[in-house]
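Protein chains: 2
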Amino acid sequence: MRTRFAENIDSLAGDLAAMCRLTVTAMREASGALLQADLGLAEHVIDVSGELDAAASRWEQRAFSLLALQAPVAHDLRFMVGGLHISADLHRMGGLAVHIAKIVRRRHPEHVVPDEVLEVFTRMGAVAVAQAEETEQVLQHRDPERARGLLTADDTMDDLHRGLFAITQAEDWPHGVKAAVDITLLGRFYERFCDHTVEIGRRVIFLETGVLPDQG
Amino acid sequence: MRTRFAENIDSLAGDLAAMCRLTVTAMREASGALLQADLGLAEHVIDVSGELDAAASRWEQRAFSLLALQAPVAHDLRFMVGGLHISADLHRMGGLAVHIAKIVRRRHPEHVVPDEVLEVFTRMGAVAVAQAEETEQVLQHRDPERARGLLTADDTMDDLHRGLFAITQAEDWPHGVKAAVDITLLGRFYERFCDHTVEIGRRVIFLETGVLPDQG
Chain A
1 MRTRFAENID
11 SLAGDLAAMC
21 RLTVTAMREA
31 SGALLQADLG
41 LAEHVIDVSG
51 ELDAAASRWE
61 QRAFSLLALQ
71 APVAHDLRFM
81 VGGLHISADL
91 HRMGGLAVHI
101 AKIVRRRHPE
111 HVVPDEVLEV
121 FTRMGAVAVA
131 QAEETEQVLQ
141 HRDPERARGL
151 LTADDTMDDL
161 HRGLFAITQA
171 EDWPHGVKAA
181 VDITLLGRFY
191 ERFCDHTVEI
201 GRRVIFLETG
211 VLPDQG
Chain B
1 MRTRFAENID
11 SLAGDLAAMC
21 RLTVTAMREA
31 SGALLQADLG
41 LAEHVIDVSG
51 ELDAAASRWE
61 QRAFSLLALQ
71 APVAHDLRFM
81 VGGLHISADL
91 HRMGGLAVHI
101 AKIVRRRHPE
111 HVVPDEVLEV
121 FTRMGAVAVA
131 QAEETEQVLQ
141 HRDPERARGL
151 LTADDTMDDL
161 HRGLFAITQA
171 EDWPHGVKAA
181 VDITLLGRFY
191 ERFCDHTVEI
201 GRRVIFLETG
211 VLPDQG
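Going down the list, the sequences are from chains A and B. Numbering (UniProt numbering) for the first sequence: 1 to 216. Numbering (UniProt numbering) for the second sequence: 1 to 216.
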């Protein structure tokens, strides 16, 4: 029979996975808005971002109550402490999707992404969404082996980010400073989004095994 | 007479202030390296960044032990939970100073900062260092009124950041794409550095009063 506390942990883990689903949707919509210069989609990402803010705040309040009332130790305490960090990471991931959406809104009806980098951003969006989906599964199942996969999958995003940097810095970049600046910020937002999934992977490994893997 | 647990809290608060001093030094040196294209100073920021990594990791381990052994409640629990977030913020602030130093190193012996934006970056460096110094005091004294000052002081950095953006986006920007991209990233690093001091201010208010102020 599951104890009451174990049920609470399961429920809190489910809430982290649900928050992660919000970041999947936010990133999918922000990337769609970016690739198609879709103002409505961009505004939707911005409009619903309060849901993730509220979920992160609720999570922390529940964790706080459980820490105060139940005084967990060992694995359960690692889960609570790790979960506080994970909740903050998920919150920030949602914020980064909003940053992407805001650039789309600021430049509308212009397209932010010129043809030269359309493929890179298509792939960045796909990688970010896939990485967030995998993070959701890792949070749902709290499987340290699967979490380890999050740590290496991030290399693809780093390669894409470096490639993007090289394109805008090339002598023959034809789109001027404004486009290059937008693209630089967008690249940074995608990269940071994935960095947070790596952090979550490290935290899940820690909370299940007690050992925090080295930073990339 | 102070209890043993209160002594532990004081010691942990002192450690957060000490970590904050490391971020003050890192930001002062990174800004000096940037303004003077000083490679040695940039490399020093990068070389010593492991100290902050280690301090953040030690802090979390101590907090974890205290949570497990002492099961604190109310104010003391808020301090531990808030401190976990603050430690992560300080760690990230050090990482942002390292990012600035790495841009200086990548471009050396070129100056990253052209004359047009030298004054803005001089002010951004000064604001970031001052804000980190004030954060150290807030952590040392855990004074919620003083913490509230951190929340508004950040407006100066936001103004500088907007001004920087306007300069590189102007039609007559003479330094090309590469310089504009570097400046965009640097501006973002300074802004994020100060965002974390605001987060720390909010956390200190919460841990002393039990009420978390709204996000700016």
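Don't be surprised by glycine CBs; every beta carbon is placed ideally from N, CA and C.
Going by the CB atoms, is the gap between residue j and residue i shorter than 8 angstroms?
i, j, result
"G163(B)", "V129(B)", "no"
"C20(A)", "E136(A)", "yes"
"E29(A)", "L41(A)", "yes"
"F193(A)", "M27(A)", "yes"
"M112(B)", "D154(B)", "Just to set this straight, residue 112(B) is Val in the shown sequence, not Met. Not closer than 8 angstroms, so no."
"A37(A)", "H141(A)", "no"
"V98(B)", "I46(B)", "yes"
"V81(A)", "L84(B)", "yes"
"E43(A)", "R105(A)", "yes"
"I86(A)", "F189(A)", "no"
"L22(A)", "A68(A)", "no"
"L160(A)", "V127(A)", "yes"
"G201(A)", "A132(A)", "no"
"G187(A)", "F165(A)", "yes"
Taking only beta-carbon positions, decide if residue i is within less than 8 angstroms of chain A.
i, result
"A71(B)", "yes"
"F79(B)", "no"
"V198(B)", "no"
"M178(B)", "What sits at residue 178(B) in the sequence shown is Lys, not Met. Chain A contact via Cβ: present."
"W173(B)", "yes"
"Q137(B)", "no"
"H44(B)", "no"
"A88(B)", "yes"
"H91(B)", "no"
"A166(B)", "no"
"Q140(B)", "no"
"R188(B)", "yes"
"Q36(B)", "no"
"V169(B)", "In the sequence on display, residue 169(B) carries Gln and not Val. Yes, Q169(B) counts as interfacial toward chain A."
Determine the closest residue to residue i out of the options, with distance taken between C-alpha atoms.
i, options, result
"A63(A)", "T156(A), D76(A), D53(A), V181(A)", "D76(A)"
"L151(A)", "T122(A), V204(A), I100(A)", "V204(A)"
"V24(B)", "V181(B), D158(B), M93(B), M157(B)", "M93(B)"
"S31(A)", "L96(A), I167(A), V181(A)", "L96(A)"
"T168(A)", "L185(A), P144(A), T156(A)", "L185(A)"
"E208(B)", "E171(B), G149(B), P144(B)", "P144(B)"
"F5(B)", "A71(B), V211(B), A56(B), S49(B)", "A71(B)"
"L90(A)", "Q61(A), S49(A), V73(A)", "S49(A)"
"A13(B)", "L35(B), H196(B), V127(B), R78(B)", "R78(B)"
"H196(B)", "M157(B), E60(B), S57(B)", "M157(B)"
"R58(A)", "V181(A), E110(A), S11(A), A126(A)", "S11(A)"
"S65(A)", "P213(A), N8(A), E134(A)", "N8(A)"
"Q61(B)", "D15(A), E60(A), Q61(A), A74(A)", "A74(A)"
"L16(B)", "V181(B), L35(B), A33(B), D53(B)", "D53(B)"
"M124(A)", "T3(A), D214(A), L35(A), A18(A)", "L35(A)"
"F118(A)", "A33(A), E171(A), E134(A), D172(A)", "Note on identity: in this sequence residue 118(A) is Leu, with Phe being the wrong assignment. Ranking the options by Cα distance to L118(A), first place goes to A33(A)."
"I103(A)", "A170(A), D172(A), V181(A)", "V181(A)"
"Q18(B)", "E134(B), D172(B), T3(B), P114(B)", "Per the sequence shown, the amino acid found at residue 18(B) is Ala instead of Gln. The candidate whose alpha carbon is nearest that of A18(B) is E134(B)."
Can a CB atom of chain B be found closer than 8 angstroms to the CB of residue i?
i, result
"H111(A)", "no"
"L151(A)", "no"
"A26(A)", "no"
"residue 250(A)", "This structure does not reach residue 250(A), given that chain A is present from 1 up to 216, and the question cannot be answered."
"T209(A)", "no"
"T23(A)", "no"
"L185(A)", "yes"
"R202(A)", "no"
"R4(A)", "no"
"H85(A)", "yes"
"L16(A)", "no"
"A68(A)", "yes"
"F193(A)", "no"
What do you reckon, is the C-beta of residue i under 7 angstroms from a heavy atom of the ligand MN?
i, result
"G50(B)", "The model depicted lacks the ligand MN and carries no ligand whatsoever."
Determine contact between the region 167-178 of chain B and the region 162-180 of chain A, defined as no fewer than three beta-carbon pairs at a distance below 8 angstroms.
yes
Which full runs of the alpha helix (DSSP H) of 4+ residues lie inside the region 123-172 of chain A, going along the chain?
144-169
Start-end ranges of the alpha helix (DSSP H) lying completely within the region 29-73 of chain B, minimum 4 residues:
39-47, 49-70
For the region 97-129 of chain B, which residues have a CB atom closer than 7 angstroms to at least one CB atom of chain E, in sequence order?
The question asks about chain E, but that chain is absent: this structure's protein chains are A and B.
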